[in-house]
Amino acid sequence: MSGSPVHDVIVIGRGIAGVLLSEELRERGLDVLVVDLPRPGRASAVAAGVVNPVVLRRTVPSWRAASMLPFAGERYHELETRLNVCCWHPTPLFRVFPGGKEREDWIHWKDDPEVCSFLGHPSDEVPDGTSAPFGVGPVLGAAWLDVPALLDAHRKAWSAEGLLIEQEVGPADVGRSAAEVEVLGRRARLIVHTTGPFAEVPGLSRVRGEGLTVRVPGLQLPGIMHRGVFLLPQGGDLFRVGATFAWDQVWSGPTEQGRAWLEERLKQMLTLPYEVVDHWAGVRPASRDRRPILGRIAPHEAVLNGLGSRGVLLAPWCARHLAEHLMEGRPLDPEVDAARFADQGRTTTRPA
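Count along the sequence shown starting at 1, add 1110, and that's the number in the numbering used here.
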């Protein structure tokens, strides 16, 4: 390995994890190169980006939401400024109660110190065109990230500075020596794998998610509605509906079963007619214990993966935490340390 410039870090993959990590490392003054060729099926390309601090089916806060939510908002606002993009949208979210018991449970949980800061008072005021006979419960602190807009702005900025190589990387494209690593002929002191579901990462679990884009003339929502699925306003009369979870045949793309499941739940929320204008699918990189996977996996290699369905919320904190570990030697939180799966194999990127 000789002759080519030595970068501090090469980030392989440019989904939400790769974008946040590359920006985090660059802000520390490092020479960072990103290598990525978008593949069909990646979750970031179709992610609706809904940030919900509450696990609604159990009315408990999502993992570390109290600390991660304000940090995520701060971080995305910073990226909006740096990349000249509007992508972070704090938005009310309303849980549609399917029955009276769920409403009573909501009132009960409002007194729970662990989750009360995220729960608003139940209301019977619902938008015209929606069905919520038992009312709705506001979730406080919700938002949505326009993930495609952020990815596009990042691509343009990094391409303009010559810091992005749009080429696919397979296991044979990574060379290793005692002092450094090489990717597609570019040398670095460290590479970080952030290739999501396309990686072979110990502990990784792939989950297919499907969603719809629908047109509902006349429907005006004050925020996101949720009853089994979310209904996210996209401007005009367009809305996104999602999402499914499937652990088998994850690369199958959109399915008729997925569409039927989504429409069944959509009809429980709407009284207006709608038209399906798009049906999309992506594969989420989750983990077997539902915690992110990050840390060193070799002397000159690290990984950031396993963010699952809450990647928009988790990615800012995970990127900061990994950067502090790699650059400052701070210990990793044991709950996210990739070492917990170290006996299950080696991390690589799957060939196409």
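A virtual CB, placed ideally from N, CA and C, is assigned to each residue, including glycine.
Which residues DSSP lists as bridging Thr-1354, in chain order: Thr-1354 is not bridged to any residue.
For Val-1446, collect the residues of the same chain with a Cβ closer than 6 Å to its Cβ; drop the 5 residues on either side in sequence, then sort them by chain order. Arg-1401, Pro-1402, Leu-1404
Let me confirm a value: Asn-1194 is counted as buried when at least 16 other C-beta atoms fall within 10 Å, else exposed. Which label applies? exposed
Are the beta-carbon atoms of Ala-1356 and Val-1317 separated by less than 9 Å? yes
So, with DSSP's three-state summary, where would you put Gly-1209? coil
Could you check the C-alpha separation between Arg-1375 and Arg-1297 for me, to the nearest Å? The C-alpha of Arg-1297 is placed about 50 Å away from the C-alpha of Arg-1375.
In this structure, what does DSSP give as the bridge partners for His-1435? In DSSP, His-1435 forms no bridge with anything.
Extract the residue ranges of the alpha helix (DSSP H) inside the segment 1353-1429, only unbroken runs of 4 or more that lie entirely within it. 1366-1379
Counting contacts by CB-CB distance shorter than 9 Å, is Val-1387 in contact with chain D? Given the protein chain composition of this structure (a single chain), no chain D is represented.
Can you tell me which of the three DSSP states Leu-1342 falls into? strand
Taking C-alpha atoms, which residue in Ser-1315, Asp-1443, Thr-1323, Ile-1334 lies nearest to Val-1206? Considering only alpha carbons, the answer is Ile-1334.
Evaluate the contact criterion for the segment 1209-1216 versus the segment 1255-1274: three or more CB pairs, one atom per stretch, below 8 Å. no
For Ile-1126, count neighbouring C-beta atoms within 10 Å of its own C-beta (all shown protein chains included) and say buried if the count is 16 or more, exposed if not. buried
Out of Val-1360, Asp-1388, Gly-1363, which has the shortest C-alpha to C-alpha gap to Arg-1350? Asp-1388
Does the pairing of the segment 1242-1260 with the segment 1154-1173 give three or more beta-carbon distances under 8 Å? yes
With a cut-off of 8 Å on the beta carbons, I'd call Thr-1305 and Ile-1122 a contact; round off their distance for me. 6 Å
In angstroms with no decimal places, state the Cα-to-Cα distance between Leu-1382 and Tyr-1186. 35 Å
Span of the beta strand (DSSP E) holding Pro-1258? No beta strand (DSSP E) holds Pro-1258; the alpha helix (DSSP H) holding it covers 1257-1270.
Can you find at least 3 beta carbon pairs, one from the segment 1231-1241 and one from the segment 1131-1149, that sit closer than 8 Å? no
Are the segment 1148-1163 and the segment 1419-1439 in contact at 8 Å, needing three or more beta carbon pairs? yes
Boundaries of the beta strand (DSSP E) in which Arg-1296 is found, first to last residue: Secondary structure note for Arg-1296: its beta strand (DSSP E) is the uninterrupted segment 1296-1303.
Just curious, the beta strand (DSSP E) that Arg-1337 is in, first and last residue? 1334-1337 is the span of the beta strand (DSSP E), which, as asked, contains Arg-1337.
Using CA coordinates, which residue listed in Cys-1226, Gly-1295, Glu-1184, Glu-1290 is at the minimum distance from Ala-1282? Gly-1295
For His-1435 and Leu-1442, I'd like the C-alpha separation in whole angstroms. 6 Å
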